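>
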Amino acid sequence: MNQPQTAQMPQRPHSQTPEKPRPASRAGDPNRYQDMKFAYVMSRFPKISETFVLYEILALMEKGIRVEVFPLIRERQPVAHEGVKQVMPHVHYLPMFSAAILLAHIYFLFRKPLTYLGLLLEMMIGSIRSPKYFTKSVALFPKIVRFAYEMKQLGIGHIHAHFATHPAFAGYVIHKLTGIPYSFTAHGSDIHKHLHRYGLARKVAAADFVRTISDYNKAFIVEHCGGRFEEKIEMIHCGIDKQVFASPPHHPRETHPFTIICVASYEKVKGHAYLIEACRKLKAQGVDFRCHLVGDGPLREAVGQEIRDAGLGDNFIIHGPLKREQVAELLQQSDVKVLPSFQTETGEREGIPVALMEAMAVELPVVSSLVSGIPELVEQDAAGILVAQQDAEGLFQALLRLQRDPELRRRMGKAGREKVFREFDLKENAAELLELLVLSASRSGSH
């Protein structure tokens, strides 16, 4: 049986809320951000699949902001994106327990006994319905308290967490212990997955503001947590660095064979199984094609087995995690980007995938699913084709249509590039977030 090739290269909610005016920018003022210190909290850093966090931090650092990074878990990645070295001197790693952690707990137990004990009780009661969530919360609580002590000593003016799960929980705990204002970004499954909704309303209520990356997510949070919080929920997209994609794409569109690329972690929610089935149909139709899979994750071996079982070993090239520059090179060699994500039975689903934005930036047409915030990025039959969730036949028909029509691919590619350059500019969107962070720190007088 043919083996897939292993690469060797190094009714959905809709928000009708009118957009609120942003605070006036004073980006030209060289003293604007003097002495401001912000803390970023996330599950892991650096994480190859979360480039949006890295590049958001770098965009803030370019403004002269001092950003200190507090990952909840230390994970050594075999591949790291450019820019990680610039951030690493500001990263604070902690073991699960140490003498310093114990001293921080003693400090807060004596300084704020009711708050400290109340947070312990709140943590246990609030997540007890999910043993997995509860266990992780208990395991992380010791170092979160130490982070609170370190942020207090550093004079942090505002805490921003990425993801509404344990990072936002950490921001909540640190805020309660220190009084430092906090906010968090809600992305996708971190609010939609059923077990992740525990304590969401409490975290939203205590936050100075909540940034979400899609109107879909904003509508979901308002529905789940109550309309009283709508004013503090800000929709600011993630984005791409236009400077990286400034040069016009140089790849020919009549490549042979027809080349598909899917950049996604190997997780159930990404829908690799439906792409494989669609590709099986392409092969049965006599289409000569190649499909690049880029990423890492728990289902990597299972996906490889599915490819072998479908008799597609000669058609698929399986890559591990790649740097952004390597992904960009593969995108330049491809004809279409596919991401067949879907909503799982546990509620897990996408936000607005940055991988789709990057493909659109190099004028690749995209094929994806009608799920969550994806239609906010990909307009049907403009920059790509959207099909129903878990619809291998729909994926097959979309791919066949694009394979047969190079002019349609060119037209969609140009429309996609215009869309992301207009609405999904990383630096412009980071500047919007920065205004909110500065406003919060200024109001609290904690910078």
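First residue of the sequence shown: -11, per the working numbering; consecutive thereafter. C-beta: ideal position from N, C-alpha, C; glycine also. This structure is a prediction, so every number in the text was calculated from the model and none was measured.
(1) Just how far apart, CA to CA, sit Glu75 and Glu56?
(2) Could you please give the first and the last residue of the uninterrupted alpha helix (DSSP H) stretch that includes Ser432?
(3) Going straight from the alpha carbon of Gly382 to that of Val342, what length do you get?
(4) By the three-class DSSP mapping on this structure, what secondary structure does His146 have?
(5) Decide if Pro81 is buried, meaning its Cβ has at least 16 other Cβ atoms within 10 Å, or exposed.
(6) Give the straight-line distance between the Cα atoms of Tyr204 and Pro363, rounded to the nearest whole angstrom.
(7) Quick check: the Cα distance between His212 and Pro236, rounded to an integer number of angstroms?
(8) Check whether the Cβ atoms of Ala193 and Phe217 lie closer than 9 Å to each other.
(9) Figure out for me which residue from Phe409, Arg288, Ala158, Glu346 has the closest Cα to the Cα of Val126.
(10) DSSP state of Pro461, grouped into three classes?
(11) Enumerate, from N- to C-terminal direction, the unbroken beta strand (DSSP E) stretches of 3 or more residues contained entirely within the segment 127 to 201.
(12) Shorter than 8 Å, the distance from the beta carbon of Leu424 to the closest heavy atom of the ligand ATP, or not?
(13) In the DSSP assignment, find the unbroken beta strand (DSSP E) run with Glu222 in it and report its ends.
(14) Please state whether the Cβ-Cβ distance between Val437 and Pro155 is less than 9 Å.
(15) For the beta strand (DSSP E) that Phe437 lies in, which residues bound it at each end?
(16) Among Tyr43, Ala252, Asp302, Lys181, whose alpha-carbon lies nearest the alpha-carbon of Leu414?
(17) Do Glu411 and Lys181 have their C-beta atoms closer together than 9 Å?
(18) To the nearest angstrom, report how far apart Met443 and Gly187 are at their CA atoms.
To lay it out plainly:
(1) Position 87 of the sequence shown holds residue 75. Position 68 of the sequence shown holds residue 56. Per the sequence shown, residue 75 should be read as Val rather than Glu. If you draw a straight line from the Cα of Val75 to the Cα of Glu56, it comes to about 8 Å.
(2) Indexing the sequence shown from 1 puts residue 432 at position 444. Its alpha helix (DSSP H) spans residues 414 to 432.
(3) What you label residue 382 is simply residue 394 of the sequence shown in a count that begins at 1. What you label residue 342 is simply residue 354 of the sequence shown in a count that begins at 1. So the alpha carbons of these two residues sit roughly 23 Å apart.
(4) The residue given as residue 146 occupies position 158 in the sequence shown. Strand.
(5) Reading the sequence shown from its first residue, position 93 is the one you call residue 81. Here the sequence assigns Tyr to residue 81, which means Pro is not the residue at that position. Exposed: under 16 other Cβ atoms inside 10 Å.
(6) Here residue 204 refers to the residue found at position 216 of the sequence shown. Here residue 363 refers to the residue found at position 375 of the sequence shown. Spanning the two alpha carbons is a distance of roughly 10 Å.
(7) In the sequence shown, the residue the question calls residue 212 occupies position 224. In the sequence shown, the residue the question calls residue 236 occupies position 248. Rounded to whole angstroms, His212 and Pro236 show a C-alpha spacing of 43 Å.
(8) Within the sequence shown, residue 193 is the residue found at index 205, counting from 1. Within the sequence shown, residue 217 is the residue found at index 229, counting from 1. Taking 9 Å as the cut-off, the Cβ atoms of Ala193 and Phe217 count as close.
(9) Position 138 of the sequence shown, counted from the start, is the residue given in the question as residue 126. The option with the nearest alpha carbon to Val126 is Ala158.
(10) One cannot answer for residue 461 here, as it falls past the ends of the chain, which runs -11 to 435.
(11) If one requires a minimum length of 3 residues, the beta strand (DSSP E) runs lying completely within the segment 127 to 201 are 146 to 150, 170 to 174, 197 to 200, in chain order.
(12) Summarising the ligand content, the structure contains no ligands, and the ligand ATP is consequently not present.
(13) Reading the sequence shown from its first residue, position 234 is the one you call residue 222. For Glu222, the uninterrupted beta strand (DSSP E) segment begins and ends at 221 to 223.
(14) Limits of the chain in this structure are -11 at one end and 435 at the other, which puts residue 437 out of reach.
(15) What the structure shows of the chain is the stretch from -11 to 435, and residue 437 is not part of that stretch, so it cannot be assessed.
(16) For this step, residue 414 is matched to residue 426 along the sequence shown. When each option's Cα is compared against that of Leu414, the closest is Tyr43.
(17) Numbered from 1 along the sequence shown, position 423 holds the residue referred to as residue 411. Numbered from 1 along the sequence shown, position 193 holds the residue referred to as residue 181. Contact flag unset, no.
(18) Since the first residue of the chain shown is -11 and the last is 435, residue 443 is not available in this structure.
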